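Every number in my numbering is 174 more than the matching position in the sequence shown, counting from 1. As structure tokens, the structure follows; a few thoughts come after it.
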Amino acid sequence: MNKFYVFEIFRQAPRVVFGKTGPIFRAILIPVILMTAVQLVANSQLFSWLGFGWRRLGFGVFEWLAAAPFLVAWYRYVLSPLAPTPLRYRIRRSDFPFYAYTAGFAAALLTSFVAGNVVFGDLGPEVIRFWLTLSNTAGAGAAGIRASLLEVGFLLLVLAVWLRLIFVFPASATGDRLGLAGSWILSANHHLKIFWVLVFIAMLFALIGVFVLAVLVSIVSGALGRPAISTTGMANASLIATLILTNIYMLFAMAAQVAAVALMYRALKGNSAASHLAQPWGEED
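This is the structure:
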């Protein structure tokens, strides 16, 4: 039976990423620019009439789609059995299933952040709100508690399903006809290990963010001032630089997650190179 080991995947995935920082950095330049542009538009006065939750949902999906061509190329790069395929930001018609899965899961995850407010809070119309008694709180405080509980519950549900369907991403990137049902079957009895692999990698990059990203953002704020949106709805240089640095960090973190998922997929599919768990390639691009 094909299987993988949590700590072996956790050990190998960051090595794949940190061993290819040059190609990754060049490939993420376009998505970083696109994601920053989407974020600036989302926070401008053009869409101030939309609530924060709705803007986060709508523009969050566009952010994921902006990164999708890089992610699908990186999946193919990691899963190449011998010589890696070129790592380029390129939109191809054959990648549309990957984009569809990406948009769908992004919408589902982001919806969890607004679902609570729609049903229990202040975003939704009065007719669909449900008022529950929680503790002795009342009014806005109770609405906030109810919204938060639903958001957490919905997020956990989406994440549980996402862990079982996560292998549609490497499959669709490489042209394998796995589908949602195939991913559900392939991930059976492995969802807890998948969860721990992704948690450990998230913790690793959270620590990197604390010690590296936080320092860089502090330097930017000290040199350019506090990040802000002016009264005219325009972002200052400090905010733009902060978003760019954050997006670079996020894409490197996503690259590590993608590498981990690709390695788990390779092991479970029984690829002939699975026993090596993607040995790092040479330094050539």
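Backbone N, C-alpha and C define an ideal beta-carbon position, used for all residues, glycine too. Note that the coordinates shown come from a computational prediction; the quantities given were computed from them, not determined experimentally.
DSSP has residue i in a bridge; who is on the other side?
i, result
"Ala409", "Ile403"
Hey, would you say residue i sits closer than 9 Å to residue j, going by beta carbons?
i, j, result
"Val191", "Phe426", "yes"
"Phe343", "Leu245", "yes"
"Pro271", "Ser346", "yes"
"Ile183", "Ala441", "yes"
"Leu467", "Ala281", "Residue 467 is absent from the structure shown; the chain starts at 175 and stops at 459."
"Thr416", "Val384", "no"
Whole angstroms are fine: how far does the CA of residue j sit from the CA of residue i?
i, j, result
"Trp305", "Val332", "Confidence is the limiting factor: at Trp305 the pLDDT is only 45, short of 50, which leaves the residue's position unreliable and the question unanswerable from this model."
"Val335", "Leu366", "12 Å"
"Val215", "Asn176", "46 Å"
"Val386", "Ile265", "31 Å"
"Val373", "Ser218", "33 Å"
"Leu220", "Ile414", "17 Å"
"Gly278", "Thr285", "10 Å"
"Ala436", "Tyr249", "6 Å"
"Val206", "Ala411", "16 Å"
"Ile202", "Thr210", "12 Å"
"Ile368", "Gly234", "24 Å"
"Thr348", "Leu330", "29 Å"
"Tyr179", "Tyr439", "12 Å"
"Ala447", "Thr259", "For Ala447, the predicted model reports a pLDDT of 38, less than 50, meaning its position is unreliable and no value from the coordinates is stated."
"Ser254", "Asp350", "13 Å"
"Arg196", "Leu381", "It is Gly, not Arg, that sits at residue 196 in the sequence shown. Between Gly196 and Leu381, the C-alpha separation is close to 22 Å."
"Leu398", "Arg189", "34 Å"
"Val212", "Val394", "21 Å"
"His364", "Ile375", "17 Å"
Going by Cα to Cα distance, which pick from the options is closest to residue i?
i, options, result
"Phe341", "Val389, Lys443, Ile265 and Met428", "Lys443"
"Leu261", "Lys194, Met438, Tyr179 and Met408", "Lys194"
"Ala187", "Tyr439, Met438, Ala433 and Ala441", "Ala433"
"Phe328", "Phe236, Phe369, Gly349 and Leu283", "Leu283"
"Arg200", "Thr416, Tyr263 and Met377", "Tyr263"
"Phe181", "Gly349, Glu237, Leu378 and Ile359", "Leu378"
"Met408", "Tyr179, Ser222 and Arg189", "Ser222"
"Ala429", "Ser268, Asn363, Asp269 and Ala247", "Ala247"
"Ile359", "Leu337, Val371, Ile375 and Ala376", "Leu337"
If you measure from the CB of residue i, is any heavy atom of the ligand NAD nearer than 8 Å?
i, result
"Ile382", "No copy of the ligand NAD appears in this structure; indeed no ligand is present at all."
Inter-stretch contact (C-beta, 8 Å, three-pair minimum) for the segment 417-437 and the segment 240-251 = Taking 8 Å as the limit for Cβ pairs, the verdict is that the segment 240-251 does touch the segment 417-437.
Could you say if the segment 350-359 and the segment 392-404 meet the contact criterion of at least three C-beta pairs nearer than 8 Å?
-> Fewer than three beta-carbon pairs drawn from the segment 350-359 and the segment 392-404 are found closer than 8 Å, and the two stretches are therefore not classed as touching.
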